[in-house]
Amino acid sequence: MRVIAGDLKGRRLSAPKGTSTRPTTDRVREAIFSMIGPFFSGGVCLDLFAGSGALGIEAISRGMDEVIFVDKASAETIAKNVKQLGIEAASYLLKLPYPIAIKRLAQEERTADLVFLDPPYRLGVLEDAMQLLLKAQILREDAVVVAEMDHKTAAPDILELLMRKEAVYGSTKIVIYEYACAK
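Here the sequence shown is numbered in the working numbering, starting from 1 and rising by one per residue.
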C-alpha cells in the first residue's frame, strides 16, 4: 500500500496485521479524492476507524494541515506510519473506542473540515458515529464527510448531512456528505 498523490506520493504504508481491518484499496482511495477534490489548502481531517491511517495520511499528503486519527485496534500501525513518514507534528492519535474519542475531541473543542468514516462493516455503527459527530459539534461549517460501507448497505439519511455523491467500487460503497449547519 502506498500514498497515491501529493508531497508523500509513492511512500509505503504498513497495514495492520490480521483480518480485523479492511484497508481501503488504492483504487477506492483515488476515487474518493477525485470526488472530494484532489488537493487541499489547509484544514483539519478526522480519520475515524483509521486502520492503517491511509486516508488521513493521503489527506496530509494532499495539503491538509492536521489529521486526527482514531482507532483503538490499529493505533500502533498508525503511529508507525506517521513516524516513518515524518508527519508527527501534523498528527494527533487517539487509541480509544470511537464514542469516547468523539467525546474527548468535543471536550478539547477540536473540529474537522473533512471526516473519513470507514468502520468495520459487520459492526453496523456508521450511522451512530455520524450522529455522535453531529451531537458533539465536531463538524465545521461546510465540512465534508466521506462514509465507506458495504455496497448492499443503504446510505444513512441524516437531516444535517446532505448527500452529495454516491458511488460503488466492487463491494464498497462510498457516500460523500456535506454538513448543512444552521447559519
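Note that beta-carbon positions come from the ideal geometry of N, C-alpha and C, so glycine has one too.
_Opening and closing residue of the beta strand (DSSP E) in which Glu127 lies_ = Position 127 of the sequence shown, counted from the first residue, corresponds to residue 127. Where Glu127 is concerned, there is no enclosing beta strand (DSSP E), although the alpha helix (DSSP H) it sits in stretches over 126 to 135.
*Please report the Cβ distance between Leu93 and Ile57, rounded to the nearest whole angstrom; I am assuming they are in contact, meaning their Cβ atoms lie under 8 Å.*
In the sequence shown, the residue the question calls residue 93 occupies position 93. In the sequence shown, the residue the question calls residue 57 occupies position 57. Rounded, the Cβ-Cβ distance is 12 Å, inconsistent with contact.
*In DSSP terms, what Ala112 is bridged to*: By 1-based counting over the sequence shown, the position of residue 112 is 112. Within the DSSP bridge table, the entry for Ala112 names Leu139 as partners.
*Let me know the secondary structure DSSP gives Asp26 once reduced to three states.*
Taking the first residue of the sequence shown as position 1, residue 26 is located at position 26. DSSP places Asp26 in helix when its eight states are reduced to three.
*Within the same chain, show all residues whose beta-carbon is closer than 6 Å to that of Asp150, passing over the 5 residues directly before and after it, in chain order.*
Translated into the one-based positions of the sequence shown, residue 150 becomes position 150. Same-chain partners within the cutoff: Tyr121.
*Entirely enclosed beta strand (DSSP E) segments - the stretch 56 to 88, minimum 3 residues*: With a minimum length of 3 residues, the continuous beta strand (DSSP E) runs that stay inside the stretch 56 to 88 are 66 to 70.
*asked:* Given this structure, state the Cα-to-Cα distance separating Val175 from Lys83, to the nearest angstrom.
replied: Within the sequence shown, residue 175 is the residue found at index 175, counting from 1. Within the sequence shown, residue 83 is the residue found at index 83, counting from 1. Here the alpha carbon of Val175 sits roughly 30 Å from the alpha carbon of Lys83.
*Neighbourhood of Asp26 by C-beta, 8 Å cutoff - its chain only, sequence neighbours within 5 removed*: Position 26 of the sequence shown holds residue 26. Around Asp26: Met1, Arg2, Ile4.
*Examine the Cβ distances between the stretch 29 to 36 and the stretch 96 to 104 and report whether three or more of them are shorter than 8 Å.*
At 8 Å Cβ cutoff, the stretches do not touch.
*What is the DSSP secondary structure of Ile158, counted as helix, strand or coil?*
Within the sequence shown, the letter at position 158 stands for residue 158. Here Ile158 sits in coil by DSSP.
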